[in-house]
Each structure stands twice: as C-alpha cells, then as structure tokens.
Amino acid sequence: MEQERSERRKRWSCCQIGCGVAAVLFLIPVLWIGSGFIFWRHCRIPLPDGSGSIVYKARLNKILCAEWDRKVRFETSKFHGRERWVIGDPAGANPVNIYWYPATGNSGPYIKFVDPATAECYIDLKHGITLLFRTKHADGNSYAGELSSTWPKFGSTTDKQGYFLETVDGHPVKMLPKWIASKPGVYIGRIEYPYNRFVPAKISPEQKLVRER
C-alpha cells in the first residue's frame, strides 16, 4: 500500500513538472510576441552636422502581416524629446535607407527615410516635423504633407485662390525646397530589421532598395 501511494505521488509530481514545463514553453513565445506590441524597438541616428541625433522607433501593429507603427524622437538642442510619427511599414522586415540634406539658405536641414514598401518620408529638423512625399508636378516641384499619425488619412482641399491641394492627415501639402526635390541626398546609413540597429555609411556602403509593387 505504501509503495502504491509513493508511486502515485511520483506520478503526480511528474505531471506537475510536465504541466509547468508546458506552461513555460507556451508563455515564452506569447510573451515574446506580446512584447513586440508593448515595447518600441529603437536605434539612434547621429546627425552629420553635430546638432544631435534622431531616434528611430518601431512597434508591431499586427502579427500575421507584420505591420509596424513607426515614429521618431528628436534629440537635438532645439527639439529635445519631441516625438513625431513616420508612416507605418505595412510589410515588415524592410531595411530603411537614410539620406542627409544640409541646411541651405533659410531651410533645412532634412533627413529622408526610404524603404521598399512606403513613400519617402522627410524629417524637417528646423521645424521639428515629419513630412510624407505625395506628388511631383509637371513643373518639377515636389509636394509633401505633415504627418499626424503613422497610418495617415489622405484627402483634398482648396486654398484661398481656389487651387486644389492634396492633404495628409488634414494638412495641405506644401512644396518641398527645390534643392531637395532635385537631389537624392547624401547617404548616411541604414536601419536594419528588426529596427534596433543603425549601420553608418562608413561601415557599410549604400544598398539600393527594390521598390515593392
């Protein structure tokens, strides 16, 4: 009888250990995936003019299609800690090339984000805002609208003269400086998936991105 009770205790102990191991094995991937929705992955991009840096941040929005919400934090003497949205990544796992435009005249500096899945996004370092490229007119002028969200809404409006204007999150598009529209910018590095590493150009040269259709 005593031997039978001992065997039952052993079986119960083994069952408890097995259930505990199964629970841990289940919780590890759940917590790992869940953390992607809670914590922002980030990396720091030093600005070439020595004025500070931009922190690029990304967080999972959906699992199955790997959508990512994205934003940037300004760490400059002018805008320390300010955060602004960057257009979300609908495809996931894409590198992001980064280009620099030094200040010219009364505008700039800017940096530009380019990836295979979305439109070009500009960081206006002078005004502390993010801009999404929308259109290039036949006259060669390019237009972009200010972002207020990572999944922006597009629309249209008319100005005081009655001219048609596209909008981004309700903001009418504005003409980009021609020296930006006509130049690709200076490549300074790229952000690699999973968006927690900035690779400077001096370490790895530019890798041209193939646009997704």
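Going letter by letter, the sequence shown gives residues -1 to 211 in this note's numbering.
Using N, Cα and C, we set each Cβ at its ideal position, and we do this for glycine too.
As the structure is a computational prediction, the values presented were derived from the model and not from experiment.
- prompt: Got a sec, what are the start and stop residues for the beta strand (DSSP E) Ala142 sits in?
  reply: The sequence position of residue 142 within the sequence shown is 144, counting from 1. Segment 140 to 144, the beta strand (DSSP E) holding Ala142.
task: Have a look at the DSSP bridge pairing and note the partners of Glu73.
output: By 1-based counting over the sequence shown, the position of residue 73 is 75. Beta-bridge pairing links Glu73 to Ser51, His78.
field: Those runs of the alpha helix (DSSP H) which lie wholly inside the region 105 to 187 and span at least 4 residues
entry: 176 to 179
- request: Give me the Cβ distance between Ala115 and Pro88, rounded to the nearest whole Å; I'm assuming they're in contact under 8 angstroms.
  value: As a first step, residue 115 must be located in the sequence shown, where it is residue number 117. As a first step, residue 88 must be located in the sequence shown, where it is residue number 90. Ala115 to Pro88, Cβ: 6 angstroms. Contact.
query: Quick one: what's Trp224 bridged to in DSSP?
result: Residue coverage of the chain in this structure runs from -1 to 211, which leaves residue 224 outside it and unanswerable.
field: Ile189 versus Arg42: straight-line alpha-carbon distance, rounded
entry: Within the sequence shown, residue 189 is the residue found at index 191, counting from 1. Within the sequence shown, residue 42 is the residue found at index 44, counting from 1. So the alpha carbons of these two residues sit roughly 9 angstroms apart.
task: Would you decide whether Arg132 is buried or exposed? Buried here means 16 or more other CB atoms lie within 10 Å of its CB.
output: Locating residue 132 in the sequence shown gives position 134, counting from the first residue. Under this definition Arg132 is a buried residue.
field: Contact belief for Ser105 with Lys134 at Cβ below 8 angstroms, rounded distance in angstroms
entry: For the purposes of this step, residue 105 is identified with residue 107 of the sequence shown, where counting begins at 1. For the purposes of this step, residue 134 is identified with residue 136 of the sequence shown, where counting begins at 1. Actually they do not touch by this definition, with Cβ atoms about 18 angstroms apart.
field: Ile36 in three-state terms, based on DSSP
entry: In the sequence shown, the residue the question calls residue 36 occupies position 38. Three-state result, Ile36: helix.
- prompt: Going by alpha carbons, who is nearest to Trp98 out of Gly90, Pro107, Ala91?
  reply: Taking the first residue of the sequence shown as 1, we reach residue 98 at position 100. Among Gly90, Pro107, Ala91, the Cα nearest to that of Trp98 is on Pro107.
query: Between the beta-carbon of Ala142 and the beta-carbon of Val171, is there less than 8 angstroms?
result: Numbered from its first residue, the sequence shown carries residue 142 at position 144. Numbered from its first residue, the sequence shown carries residue 171 at position 173. In this structure, Val171 lies closer than 8 angstroms to Ala142 by Cβ.
In DSSP terms, what Asn95 is bridged to: Position 97 of the sequence shown, counted from the start, is the residue given in the question as residue 95. DSSP, once it has assigned bridges, lists Val112, Arg188 as partnering Asn95.
query: Do you know offhand how far Lys55's Cα is from His40's?
result: Reading the sequence shown from its first residue, position 57 is the one you call residue 55. Reading the sequence shown from its first residue, position 42 is the one you call residue 40. So the alpha carbons of these two residues sit roughly 4 angstroms apart.
message: Quick test of your reading: Ile186 and Ala199, contact by CB under 8 angstroms. State the CB separation rounded to the nearest angstrom.
response: Along the sequence shown, one-based indexing puts residue 186 at 188. Along the sequence shown, one-based indexing puts residue 199 at 201. With 8 angstroms as the limit, Ile186 and Ala199 qualify as a contact, their Cβ atoms being about 5 angstroms apart.
message: Counting C-beta neighbours from all protein chains within 10 Å, is the total for Asn139 16 or more, i.e. buried, or is it exposed?
response: Looking up residue 139 in the sequence shown gives position 141. When all chains shown are included, Asn139 counts as exposed.
task: List the endpoints of the continuous beta strand (DSSP E) containing Pro198.
output: As a working note, residue 198 is residue 200 in the sequence shown. Residues 195 to 198.
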